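Take 53 as the starting number for the sequence shown in the numbering used here and just add one per residue. Each residue gets a CB set at the ideal place from its N, CA and C atoms; glycine is no exception. From a predicted model like this one, the values you see are computed outputs, not experimental measurements. Okay, so here's the structure we're looking at.
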Amino acid sequence: MYAILYMQHWEGSGLNRAINSERMSLERLKFAIHMVLDSENEFGEMVAANIWSTNDA
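In structure tokens form, the structure reads like this:
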């Protein structure tokens, strides 16, 4: 699922950049956030509601 969603947003411009572990971690984090908070993702709404309710406690 991760690879399929990533391919939807990839335009090939990153092929000439060197890959390092710091950048990969950042890209994974950004993509995970995008997947969870996507407007079509009902699970993301549950996660966001849970995070806000936990912060209020």
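Original post:
Who are the near neighbours of Tyr-58 in its chain, counting only those whose CB is closer than 7 Å to its CB and skipping five residues on each side?
Top reply: Within the sequence shown, residue 58 is the residue found at index 6, counting from 1. Within the same chain, Tyr-58 has close Cβ partners Phe-83.
Original post:
Is it the case that the CB of Ala-84 approaches a heavy atom of the ligand NAD more closely than 7 Å?
Top reply: Only the bare structure without any ligand can be found here, which leaves the ligand NAD out of the picture.
**OP:** Using three-state DSSP, classify Asn-92 as helix, strand or coil.
**Re:** Counting from 1 along the sequence shown, the entry for residue 92 is found at position 40. Here residue 92 turns out to be Glu, not Asn, going by the sequence shown. Glu-92 falls in the coil class under three-state DSSP.
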